[in-house]
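Residue numbers (this note's numbering): 3 to 159. Just so it is clear, CB atoms sit at the ideal spot from N, CA and C, and this is done for glycine as well. This report refers to the structure that appears directly beneath it.
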């Protein structure tokens, strides 16, 4: 560590492995053929701005996600979950041939849905480390994020 170096974070590996096991358990509960997917923790955010007479209020809402990806059929499955990984939503499936396009927009992985002008999109962010336990699950996932970084360019072509 140099003069301006950053001290390396010490992770509680038992907690990290427990959270990864919870992610896998939740994924396997709701996704058929879950064993073929690699998992990565992600989040999405929405921003709401309210204007008042003298002030402007901006509210950020974060949603925890479990993202499963499989290269054999170029598919992505996204589940909403809680930071405590206590439950999850029904899965949203995305296959390469069934989407309009996929790209990175402002640092977020964005999947545009097929359909008309109002079809919408799904955007999420993936990081190597999550240590803000108020907002996210306690995880570090450098290997999983590296696998995702290899998968995404193939999916988005």
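Per the coordinates, the alpha-carbon of residue 155 lies some 31 Å from the alpha-carbon of residue 17.
Under DSSP, no beta-bridge partner is assigned to residue 24.
Taking C-alpha positions only, residue 66 is separated from residue 100 by approximately 24 Å. The beta carbon of residue 63 lies closer than 6 Å to those of 48 in the same chain, with the five residues before and after it left out. Three or more Cβ pairs closer than 8 Å define a contact, and the stretch 76 to 93 meets that threshold against the stretch 31 to 42. The DSSP assignment places complete beta strand (DSSP E) segments of no fewer than 3 residues inside the stretch 99 to 147 at 101 to 107, 110 to 115, 123 to 126, in order along the chain. By alpha-carbon distance to residue 50, the top candidate from 15, 150, 59, 44 is 59.
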